[in-house]
Amino acid sequence: MSFDETSIITIDNPLQTSFNQIADVEVENFFGCYLLNSLNPKCKGRTYIGFTVNLNRRIKQHNKGKDFGGAKRTSGKGPWEMVLIVHGFPNEISALRFEWAWQNPEQSVRLKHLNLPKTKRTSLKFKLQILAEMLSIGPWTRLPLTIRWLTDKKQTLERIPPFHMPITSGPINISKHTNTIPSKRKKANNPVITMTMTEDPKSLPNCHLCTSLIQPSVNVSCPKCSISFHVICLSKYFLRNSQQHYIIPIDGSCPSCQKDLLWGEIIQNKYRNRSLTLAGTSPSTDESENEGVVL
1 MSFDETSIIT IDNPLQTSFN QIADVEVENF FGCYLLNSLN PKCKGRTYIG FTVNLNRRIK
61 QHNKGKDFGG AKRTSGKGPW EMVLIVHGFP NEISALRFEW AWQNPEQSVR LKHLNLPKTK
121 RTSLKFKLQI LAEMLSIGPW TRLPLTIRWL TDKKQTLERI PPFHMPITSG PINISKHTNT
181 IPSKRKKANN PVITMTMTED PKSLPNCHLC TSLIQPSVNV SCPKCSISFH VICLSKYFLR
241 NSQQHYIIPI DGSCPSCQKD LLWGEIIQNK YRNRSLTLAG TSPSTDESEN EGVVL
């Protein structure tokens, strides 16, 4: 793979949809890593990569400046255009790790095979080249990610992402039910709630595969039919025909309803169900604190 900032090869994902086609889809548990491009003639070619749980609020903060929650590195260099966002991460930590590697490819252990120079490169083409490479290697290649263009001036990635990662475009409707966790980037203002509940065995479900009782911490269910499984039992079932020694599958068919599922859907469904059972809401994430974080 060449990183000489030549033109990006035009290759389309067969799952790509037309602009605005899925604008009305509501996404729960949204964690996204976005790419900004400066429209300021004095800052031509400047880009910025960040993390957010609310992209509409975040782009407004960047364009208003650091005094309104925008990042220091984008303040006064706008207006900024949000070109693309990658979403579908199972949790905040997973998205933050992706963000850091995308920001710092020359330091990332996962990308050391590229032999990048230590000098940072910020052009839009280079950032898209790095993104295409990241989507093709572990651990990110096994996540149920979506690549979404947020401008009608869409470009193309240098290589096609894995088949289970659709490329789409248009606005996104983010549900308010995003299960954030207290960020390691700052001290949470709210106290951490700990739950020490003794489960009544009579209330525990049985695993559809091994028939044993399932403790809540290892319980996952099919988003389609709601049948419960041990997370390990379902993982082994999905990987039963795999020739490689994976622990986490990409997809599989539910043993009960036979519907095709992404593993990420199952984990996100667990987060969603857990958030519905907790009293109150988790501390919200403040993306303005995300600069210089290494996770």
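Numbering-wise, the sequence shown is residues 1 to 295 according to full-length UniProt numbering. Ideal Cβ placement from N, Cα and C applies to all residues, glycine included.
Cβ-Cβ distance between residue i and residue j below 8 Å
| i | j | result |
| --- | --- | --- |
| cysteine 225 | cysteine 254 | yes |
| proline 117 | glutamate 99 | no |
| leucine 84 | leucine 143 | no |
| histidine 230 | cysteine 210 | yes |
| asparagine 269 | proline 216 | no |
| alanine 71 | cysteine 33 | no |
| leucine 145 | valine 86 | yes |
| leucine 157 | leucine 128 | yes |
Straight-line Cα distance separating residue j from residue i
| i | j | result |
| --- | --- | --- |
| leucine 131 | tryptophan 102 | 7 Å |
| arginine 240 | tryptophan 263 | 14 Å |
| valine 27 | glycine 88 | 9 Å |
| valine 220 | methionine 82 | 35 Å |
| glycine 252 | isoleucine 137 | 20 Å |
| leucine 213 | asparagine 29 | 28 Å |
| phenylalanine 126 | leucine 36 | 13 Å |
| threonine 168 | lysine 202 | 45 Å |
| lysine 112 | leucine 204 | 46 Å |
| leucine 135 | isoleucine 59 | 24 Å |
| serine 175 | threonine 122 | 32 Å |
| glutamate 92 | phenylalanine 31 | 6 Å |
| leucine 114 | serine 108 | 10 Å |
| glutamate 133 | arginine 159 | 8 Å |
| phenylalanine 238 | arginine 97 | 26 Å |
| asparagine 63 | asparagine 56 | 11 Å |
| cysteine 43 | glycine 65 | 15 Å |
| isoleucine 250 | aspartate 152 | 31 Å |
| tyrosine 246 | proline 161 | 20 Å |
| leucine 261 | proline 41 | 46 Å |
| methionine 1 | serine 228 | With a pLDDT of 47 at methionine 1, under the threshold of 50, the predicted position of this residue should be treated as unreliable, though the coordinate-derived value follows. When rounded, the distance between both Cα atoms is 44 Å. |
| threonine 141 | aspartate 67 | 37 Å |
| methionine 165 | proline 90 | 14 Å |
| threonine 52 | glycine 170 | 17 Å |
| threonine 54 | arginine 110 | A small correction: the amino acid at residue 54 is asparagine; threonine does not occupy that position in the sequence shown. Asparagine 54 and arginine 110: Cα-Cα distance of roughly 28 Å. |
| cysteine 233 | arginine 73 | 46 Å |
| asparagine 273 | glycine 69 | 31 Å |
| tyrosine 271 | asparagine 104 | 29 Å |
Sheet register partners of residue i (DSSP bridge)
| i | result |
| --- | --- |
| arginine 148 | Ile85, Thr168 |
| tryptophan 80 | Ser38 |
| valine 27 | Ile174 |
| histidine 208 | None; histidine 208 has no bridge partner. |
| tyrosine 271 | Tyrosine 271 pairs with nothing; no bridge assigned. |
| serine 253 | Asp260 |
| leucine 213 | Asn206 |
| phenylalanine 51 | Cys33 |
| phenylalanine 229 | Val220 |
Buried/exposed call for residue i, threshold 16 Cβ in 10 Å
| i | result |
| --- | --- |
| tryptophan 163 | The residue asked about is misnamed: residue 163 is phenylalanine in this sequence, not tryptophan. Its Cβ having fewer than 16 others within 10 Å, phenylalanine 163 is exposed. |
| serine 235 | buried |
| valine 218 | exposed |
| arginine 148 | buried |
| threonine 281 | Its pLDDT being 44, under 50, threonine 281 is placed unreliably in this model, and the value from its coordinates should be taken loosely. By the neighbour-count rule (16 or more Cβ atoms within 10 Å), threonine 281 is not buried but exposed. |
| isoleucine 266 | buried |
| glutamine 244 | exposed |
| threonine 119 | exposed |
| isoleucine 172 | buried |
| threonine 194 | In this prediction, threonine 194 scores a pLDDT of 43, lower than 50, which makes its location untrustworthy; no coordinate-derived value is stated. |
| serine 242 | exposed |
| proline 139 | exposed |
Chain B within 8 Å of residue i, Cβ atoms only
| i | result |
| --- | --- |
| alanine 132 | In the structure shown, chain B cannot be found, because there is only a single protein chain. |
At least 3 beta-carbon pairs within less than 8 Å: the segment 73–90 vs the segment 45–57 = Contact between the segment 73–90 and the segment 45–57 is present: 3 or more CB-CB pairs across the two stretches fall below 8 Å.
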